[in-house]
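Quick notes on the structure that follows.
Protein chains: 2
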Amino acid sequence: MAAIRRLDSNNAGFQEELEALLAWDSVSNAEVNSIVDEIIAGIREEGDASLIELTAKLDRWQPSSATDLEIPHQRMQQALEAIPSEQREALEKAAERIRAYAEHQKMNDWSYTEDDGTLLGQQVTPLDRVGLYVPGGKAAYPSSVLMNAVPAKVAGVGELIMVVPTPDGELNELVLAAAAVSGVDRAFAIGGAQAVAALAYGTETIPGVDKVVGPGNIFVATAKRAVFGQVGIDMVAGPSEILVVCDGKTDPEWIAMDLFSQAEHDEDAQSILVSSDGDFLDQVAAAIEKLLPTMERSDMITTALEARGALIKTSDMEEAVEVANFIAPEHLELSVEDPLTMAKSIRHAGAIFMGRYTSEPLGDYCAGPNHVLPTSRTARFSSPLGVYDFQKRSSLIMVSPDGADTLGQVASVLARGEGLTAHARSAEYRLKVKK
Amino acid sequence: MAAIRRLDSNNAGFQEELEALLAWDSVSNAEVNSIVDEIIAGIREEGDASLIELTAKLDRWQPSSATDLEIPHQRMQQALEAIPSEQREALEKAAERIRAYAEHQKMNDWSYTEDDGTLLGQQVTPLDRVGLYVPGGKAAYPSSVLMNAVPAKVAGVGELIMVVPTPDGELNELVLAAAAVSGVDRAFAIGGAQAVAALAYGTETIPGVDKVVGPGNIFVATAKRAVFGQVGIDMVAGPSEILVVCDGKTDPEWIAMDLFSQAEHDEDAQSILVSSDGDFLDQVAAAIEKLLPTMERSDMITTALEARGALIKTSDMEEAVEVANFIAPEHLELSVEDPLTMAKSIRHAGAIFMGRYTSEPLGDYCAGPNHVLPTSRTARFSSPLGVYDFQKRSSLIMVSPDGADTLGQVASVLARGEGLTAHARSAEYRLKVKK
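Here the protein sequences come in this chain order: A and F. Counting from 1, one number per residue, gives the positions in the first sequence under UniProt numbering. Counting from 1, one number per residue, gives the positions in the second sequence under UniProt numbering.
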C-alpha cells in the first residue's frame with residue numbers, strides 16, 4: 001500500500017509543505033565533476049585511444065579498432081526490418097505525427113525596409129551537425145530517439161550523429177529501428193561522459209558536432225554542462241513529473257493510472273493531483289490502492305509516490321490553477337470540463353494535456369508535440385525541445401547612406417558617452433557632413 | 001606600430017594557423033569556481049546579511065541596512081532628467097528603434113485541429129520576473145541596459161530587476177538614465193557573483209527571478225553558469241569579435257577604424273579582415289599605422305591587434321565566405337558590392353552588417369537589432385538575444401475521443417515495447433474497445 005501524502009491549501013504551512021515537496025537540487029556533486037573532467041581531458045588529449053579504453057572498461061566490450069565503434073547505417077535499417085510489424089508501424093506512425101507537428105515550428109527569415117532604405121531583419125539557418133545521446137540499458141527508449149531526431153531533421157541539420165552505449169556489446173534493436181525511421185545519419189556505440197566529450201571536441205573517428213542533445217545519467221548530464229560553450233546543449237533534465245488538475249469528474253482509475261505513468265519512470269519521479277473535490281481525492285487514493293498490486297512496476301511506483309507524490313486539496317479550481325503555476329510542471333493534465341479556458345490561465349508548464357481523453361502517455365509517444373520538456377520548475381523559463389532548437393538566427397542590418405547619417409549621429413553620441421571613440425569615429429566616417 | 005598578423009589561405013598550414021588564431025578556452029578556472037561556490041552558498045544561507053557583508057568588502061561601501069541596497073525608481077528618472085539633452089535624446093531614439101525591431105520577434109500562440117477533432121499547438125507566455133546584470137566601473141555601458149531591458153519588456157516580462165555594482169558607492173548616471181528609458185522596474189546596487197546568487201535564489205530584500213541576463217566579469221560569468229538550472233541564463237559571453245569581409249573597394253581607413261572599434265573593447269578582443277585583394281590588405285595595414293597614434297585607446301587597440309588580430313588573404317571571395325563560416329563571427333561586416341547575395345551563403349554569424357555604409361557600431365547602439373550576440377564561434381549553435389529569450393512555449397494537446405482511440409493504440413504498442421505498462425494502460429483506458 002502506498003502512503004501518498006495529502007496536502008490542503010487551507011492548512012497553515014501549506015506553502016512550505018509545497019516547496020519541500022518540490023525541492024530538487026540538480027547540482028552535480030564534486031566527485032562526479034572531477035571524474036567527468038578527467039574523462040573530458042582524456043578524450044581531448046588521446047582521442048580514439050581514450051574512447052576505446054573507456055568503452056572497454058565501462059561498457060565491458062573491447063573494440064578491436066576505432067572503426068568498430070561505428071554502427072553502420074545498414075545495421076539500423078536491418079533492425080527496422082527485423083522488428084515485429086506492429087512495432088514498426090507504430091514507430092512510423094509516431095514519427096510521421098512528430099514530423100507534421102514539427103513542421104509548424106520552423107522559423108523563417110524575416111526583414112523589413114525603412115523609409116530611408118535601411119533593411120533590418122533576421123536570417124535563419126540550421127545547425128551543421130548535431131549529436132544525439134541515447135542512453136543504453138534499461139533507460140533505452142526508442143521514443144526518445146524519435147523526439148530528438150525528427151525535429152533536428154525537420155530543421156535541416158546537415159548531419160545527425162547518434163551515440164548509444166552498448167553495455168556488454170549488446171545493441172537495442174528498437175533504438176536502432178527508431179534511428180532508421182527518424183533519419184539519423186551516423187551512429188556510434190559509445191556512451192557516458194566520454195561520448196559527450198567525443199561529440200563536443202571530435203576525435204579521429206567521431207566528428208565534432210555543434211550541439212549535443214538527449215537524456216542521460218548523472219555523468220552524461222555533468223559532461224553536457226561541462227562542454228556547454230564549446231557546443232550547445234539542450235536542457236539538463238531532472239526527474240519526470242506530472243501534475244493532474246481535476247474537477248472530480250474523471251474516472252478515478254484513469255487519474256490513478258496517469259499518476260502511475262510518471263511514477264513508474266524512476267524513484268525520483270513526481271506525481272501530484274490537485275482538486276477542490278476532497279471526496280474525489282479519496283476515490284483516487286482508493287483507486288491507487290486497488291490498482292497498485294496489478295502493476296508490473298509496483299515497487300517503483302510505490303517508492304516514487306511515497307517519496308515525492310501528493311494529493312492536494314484546494315478551496316476551488318482557481319486556487320488549483322495557482323498551485324499549477326507555482327509548480328510549473330513538466331506535464332500538466334487539465335482533466336476538467338472546459339480545459340481550453342483553463343489553459344489560458346496557465347503561465348508555466350512544459351506541456352498542457354487538455355480534457356479527460358488526453359492521457360499524458362499519448363504525448364510521450366505519438367500525439368506530435370515533443371516529449372523532451374522542462375522539468376523541476378524550469379518551465380518558468382524554458383520550452384519544449386523543438387525545431388527552433390536546431391536552428392539559429394543571424395541579425396541582418398543593411399544601412400542606406402541616409403540611414404548611416406541619421407543613425408551615425410545617435411551612435412556617435414552614445415559611443416562617446418561610453419568612452420568608446422573608435423566606435424564613434426567608425427560611425428562618423430559614414431556621416432554626410434564629417435565631424 | 002601594431003604588428004598585425006598576416007595569413008594567406010594558400011600557405012600550407014593555413015587551417016592550423018586559423019584555428020590557433022581563434023582558440024579561446026572559456027572554461028573557468030578552479031580557483032574562481034571555488035570562490036563563486038562559496039559566495040553562492042553564503043547568499044543561500046545568510047541572504048541579505050551576506051549580501052551586505054560582500055558589498056562592503058568588494059564594492060567598498062557600507063549599506064546601513066538592506067533597504068540601502070535598492071536604487072529607488074525616482075533616482076533613475078532623476079538621472080534621465082539630469083543628463084545632457086543630446087544624450088537623453090540619443091538614448092530615447094536608440095530605445096525606440098530597439099523596441100520597433102524587437103516587436104518583429106514576438107512569438108505568438110499557434111494551433112491546428114485535425115480531422116478527428118484533436119487540437120495541437122503551442123501557447124506562448126512571457127517570463128514572470130527577470131534579473132538584468134549590468135557591470136560597474138569602466139565596463140558600465142548604458143547601451144547594454146537598453147539591449148537587455150527593451151526586449152524583455154516587449155516580451156511582456158512582469159518585473160524586470162536590474163543589479164549594478166556601485167564601486168565606492170558611485171552610481172553611473174548614464175546607466176540609470178538608460179534604465180529609466182527602457183522600463184526597468186526595480187534596481188539594486190549590488191554586483192559580482194553575490195548579485196547573481198541573490199537574483200537566482202532571492203534574499204529577504206532581493207526578489208528571486210526566473211532568468212538572469214547581462215554581461216559581466218569572470219566571477220559573474222562563473223556564477224551564472226553555476227546557477228543555470230535554478231534559473232535560466234543568457235549565453236556566457238567571450239571576448240568581442242569582428243570579421244570584415246571586403247572586396248577591396250571600401251575606403252581602407254573606414255575598414256581600419258571598424259577593426260579598431262572591436263579592438264578598443266579589451267586586450268582579448270578580436271579583429272580580423274579577410275579579402276582576396278592583397279594590395280587592399282597592405283592599404284589597410286598602412287591605414288592602421290597612420291590612424292593608430294590618433295586613437296584615445298591606442299595601447300588597448302595595439303595589444304588586441306597584435307595578440308588576436310589578423311589580415312587574411314584568400315584566393316577569391318568564395319573562399320573568404322568559407323573562412324567566415326568557419327570563424328562563425330559575432331559581428332560580420334560584408335563590405336562588398338552585393339552583400340545581400342553574399343549573405344545568403346553565410347551559415348554562421350551573430351549579426352551580418354551589409355554594405356560599405358553599415359559600420360558595426362551602428363549595430364552596437366541604435367540600428368535596432370540586439371548587440372548581445374554569440375561570441376567565440378558559438379554562432380554555430382546560438383542566436384542574438386531577442387524577445388524570444390524572454391518568452392517560453394507550452395505544448396498544447398487536446399485529444400478527441402476518436403483521437404484517443406487511434407493514438408492510444410500506437411502509444412500502447414510503443415509503451416509496451418519500452419516496458420512501461422502504466423503508460424500503456426493509461427492510454428488503453430481511453431480506447432473505444434478496451435484491451
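Even glycine gets a Cβ: it sits at the ideal position worked out from N, Cα and C. All of these numbers come straight from a predicted model, not from anything done at the bench.
Check: C-beta neighbour in chain A for F/P369, strict 8 angstroms; Outcome: yes
Check: DSSP-derived helix/strand/coil call for A/A161; Outcome: The sequence given here has Ile at residue 161 of chain A, not Ala. If DSSP states are grouped into helix, strand and coil, A/I161 belongs with the strands.
Check: Contacts around A/H265, its chain only, beta-carbon distance under 6 angstroms, and the 5 residues preceding and following it disregarded; Outcome: S240
Check: Strand pairing of F/R129, partner residues [DSSP]; Outcome: F/E159
Check: Coarse secondary structure for A/A351, derived from DSSP in three states; Outcome: strand
Check: Inter-stretch contact (C-beta, 8 angstroms, three-pair minimum) for the stretch 349–365 of chain F and the stretch 241–256 of chain F; Outcome: yes
Check: Check whether F/N148 and F/V372 have beta carbons under 8 angstroms apart; Outcome: yes
Check: A/D168, DSSP secondary structure in three states; Outcome: helix
Check: Residue of A/S412, A/V399, A/R430 and A/G419 minimising C-alpha distance to A/T118; Outcome: A/V399
Check: Within-8 angstroms CB hit, F/S345 to chain A; Outcome: no
Check: Contacting positions in the stretch 272–287 of chain F - beta carbon closer than 7 angstroms to chain A; Outcome: none
Check: C-alpha gap between F/V244 and F/P339, whole angstroms; Outcome: 12 angstroms
Check: Residue from F/G309, F/G183, F/T302 and F/V154 whose Cα sits closest to the Cα of F/E17; Outcome: F/G309
Check: Under the three-state DSSP convention, the category F/L420 falls into; Outcome: coil
Check: Start-to-end residues for the alpha helix (DSSP H) that takes in F/G25; Outcome: Checking the sequence shown, residue 25 of chain F turns out to be Asp, not Gly. Premise fails: F/D25 is in no alpha helix (DSSP H) and is neither H nor E.
Check: Rounded separation between A/V36 and A/A195 - CA only; Outcome: 11 angstroms
Check: Backbone CA spacing between F/T55 and F/A79 [nearest angstrom]; Outcome: 23 angstroms
Check: Whole beta strand (DSSP E) elements within the stretch 77–147 of chain F, 3-residue minimum; Outcome: 110–113, 119–126 and 129–133
Check: Cβ shell of A/S9 (< 8 angstroms), same chain only, five flanking positions each side left out; Outcome: I312, K313, T314, S315, E319 and V323
Check: Residue burial classification, A/A82 (beta-carbon count within 10 angstroms, cutoff 16); Outcome: exposed
Check: Identity of the residues DSSP links to A/F228 by a beta bridge; Outcome: A/V231
Check: Amino acids of chain F, ordered along the chain, whose beta-carbon sits closer than 8 angstroms to that of A/I52; Outcome: Neighbours of A/I52 on chain F: none; closest Cβ ~25 angstroms, over 8 angstroms.
Check: Continuous beta strand (DSSP E) stretch holding A/Q391: start and end; Outcome: Q391 to M398
Check: Short Cβ contact (8 angstroms threshold) for F/Q409 with F/V124; Outcome: no
Check: Exposure label - A/Y133; buried when at least 16 CB within 10 Å; Outcome: buried
Check: Proximity test, Cβ basis, 8 angstroms: F/S335 and chain A; Outcome: no
Check: Partners in chain A for F/R6, counting only beta-carbon separations shorter than 9 angstroms; Outcome: By Cβ distance, chain A contributes nothing, its closest Cβ being about 22 angstroms from F/R6, past 9 angstroms.
Check: Proximity to A/E114 [Cα-Cα], best of A/G403, A/G419, A/A422 and A/A102; Outcome: A/G403
Check: Contact with chain A by F/G216, beta-carbon distance below 8 angstroms; Outcome: no
Check: Interface flag, F/E264 vs chain A, CB-CB below 8 angstroms; Outcome: yes
Check: F/E337 - DSSP class collapsed to helix/strand/coil; Outcome: coil
Check: Contact list for the stretch 222–241 of chain F against chain A, Cβ threshold 7 angstroms; Outcome: G229, V231, G232 and V236
Check: Where F/K224 falls, given that 16 or more other Cβ within 10 Å makes a residue buried; Outcome: buried
Check: Residue nearest to A/R377 in terms of C-alpha spacing, selected from A/R129, A/P207, A/D279 and A/Q270; Outcome: A/Q270
Check: Residues of the stretch 349–360 of chain F with Cβ closer than 9 angstroms to any Cβ of chain B, in chain order; Outcome: Looking at the structure shown, chain B is missing, and the protein chains on hand are A and F.
Check: Best match in F/R297, F/F260, F/K249 and F/S394 for proximity to residue 443 of chain F [C-alpha to C-alpha]; Outcome: Past the edges of chain F, shown from 1 to 435, lies residue 443 of chain F, and the structure says nothing about it.
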